[in-house]
Amino acid sequence: MIYYFTGAGNSRYVAQRIAKALGDTVAFMPDHIPATVPDNSEPVGFVMPVYFWGIPTVALRFAQQLQLSGSHYTFTVLTPSGSSGDAVSLFEKALRRPVDAHFSVLMPDTYAPMFECGDRAKSEAVLERAEGEIDNVIAQVKARATGDLDPHHGMGKLYTVTMYPLYRASTTRRFAVNDACTGCGLCANLCPDHFITIEGGKPTWRPGHCNLCFACLHHCPTFAIQYGRNSRKHGQYTCPKKMSD
Ligand SMILES: Cc1cc2nc3c(=O)[nH]c(=O)nc-3n(C[C@H](O)[C@H](O)[C@H](O)COP(=O)(O)O)c2cc1C
Ligand code: SF4
Ligand code: SF4
120 MIYYFTGAGN SRYVAQRIAK ALGDTVAFMP DHIPATVPDN SEPVGFVMPV YFWGIPTVAL
180 RFAQQLQLSG SHYTFTVLTP SGSSGDAVSL FEKALRRPVD AHFSVLMPDT YAPMFECGDR
240 AKSEAVLERA EGEIDNVIAQ VKARATGDLD PHHGMGKLYT VTMYPLYRAS TTRRFAVNDA
300 CTGCGLCANL CPDHFITIEG GKPTWRPGHC NLCFACLHHC PTFAIQYGRN SRKHGQYTCP
360 KKMSD
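According to the numbering used here, the sequence shown is numbered sequentially starting from 120.
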């Protein structure tokens, strides 16, 4: 089983590619809390984005509640746009056991408040390069390679320790919606943690810390959602690579 979390689709695609090559299936983490993995020797993979050099809140919750016993070969595949820091340690700690192999694959950026997301030529070039990295992960997983095989740690622990607390302190307060909203409800349906409700034909965000996955912002058909002052100019991105589960 390959468990994944995704906002814009990158990690879903990576999970699907790996699952297809292994003859395995994928499962969306938020739909499997709590999950119990059968006590057998099948490989178990965890694919997720990197947020503030840490991991999505819902992935932490998933790992904390996962019941995993038996002699599984386990691996993580992080999908940062630049570097993963020490994000995997947070996942392992939540899982309460070490993971056999750590990988990462560089994917297009989805952090719209700060970085360009709408440049298709740029994201296509990143995705093309990613195919080779995914092939490498598949080969290593098939060979049951072990250890830290993530080439993209960057500044490692330093970034995770200094920046991840900012993620955990972030709230939904900076979300806003403009008149382009048609009230279609897609954002509310996609939100993995039910932070959005449609009230008076427009989305409203419940106060608190959401995953900041930007599934709502990037999937909105009319680009009506912003987060802070700068996301509008950075455009939308959803992973153009599609595979069936
Ligand atoms: C809130 C947020 C924070 C992010 N922080 C990082 C980061 O610390 N390092 C990095 O390399 N990429 C970072 N990214 C980029 C994502 O990890 C990357 O684009 C990932 O492939 C998105 O995957 P998804 O489409 O499965 O959600 C961040 C993206 C978001 C939305
Ligand atoms: S997805 Fe966009 S258009 Fe649809 S309800 Fe949400 S903000 Fe409005
Ligand atoms: S409100 Fe938007 S960014 Fe936050 S968890 Fe829901 S879909 Fe993701």
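Glycine residues also receive a C-beta, built at the ideal position from the N, C-alpha and C atoms.
Per-residue burial, residue i [other beta carbons within 10 Å of its own, 16 or more giving buried]
i: residue 279; result: buried
i: residue 311; result: buried
i: residue 326; result: exposed
i: residue 266; result: exposed
i: residue 336; result: buried
i: residue 186; result: exposed
i: residue 251; result: exposed
i: residue 148; result: buried
i: residue 129; result: buried
i: residue 92; result: It is not possible to answer for residue 92, since the shown part of the chain is limited to 120 through 364.
i: residue 217; result: exposed
i: residue 204; result: buried
i: residue 191; result: buried
Per DSSP, the bridge partner or partners of residue i
i: residue 267; result: 221
i: residue 147; result: 123
i: residue 324; result: 315
i: residue 155; result: 186
i: residue 173; result: 170
i: residue 295; result: 345
Unbroken alpha helix (DSSP H) run spanning residue i, endpoints
i: residue 305; result: 305-309
i: residue 138; result: 129-141
i: residue 286; result: 276-288
i: residue 350; result: 350-353
i: residue 242; result: 239-261
The beta strand (DSSP E) enclosing residue i, as first and last residue numbers
i: residue 165; result: 163-167
i: residue 346; result: 344-346
i: residue 197; result: 193-197
Whole-angstrom C-beta distance between residue j and residue i, which should lie under 8 angstroms
i: residue 339; j: residue 306; result: 6 angstroms
i: residue 271; j: residue 202; result: 5 angstroms
i: residue 127; j: residue 358; result: 6 angstroms
i: residue 177; j: residue 124; result: 6 angstroms
i: residue 174; j: residue 210; result: 5 angstroms
i: residue 166; j: residue 193; result: With 8 angstroms as the limit, residue 166 and residue 193 do not qualify as a contact, their Cβ atoms being about 12 angstroms apart.
i: residue 196; j: residue 133; result: 6 angstroms
Residue nearest to residue i in terms of C-alpha spacing, selected from the options
i: residue 228; options: 137, 329, 325 and 170; result: 170
i: residue 183; options: 256, 265, 154 and 320; result: 154
i: residue 292; options: 257, 363, 328 and 120; result: 328
i: residue 287; options: 156, 132, 347 and 179; result: 179
i: residue 289; options: 219, 127, 202 and 347; result: 347
i: residue 242; options: 225, 220, 218 and 274; result: 225
i: residue 364; options: 129, 144 and 125; result: 144
i: residue 254; options: 141, 157, 362 and 120; result: 141
i: residue 269; options: 308, 256, 261 and 136; result: 256
i: residue 181; options: 152, 198 and 193; result: 152
i: residue 172; options: 361, 295 and 285; result: 285
i: residue 321; options: 295, 313, 236 and 237; result: 295
i: residue 261; options: 137, 345, 317 and 318; result: 137
i: residue 275; options: 206, 308, 200 and 304; result: 206
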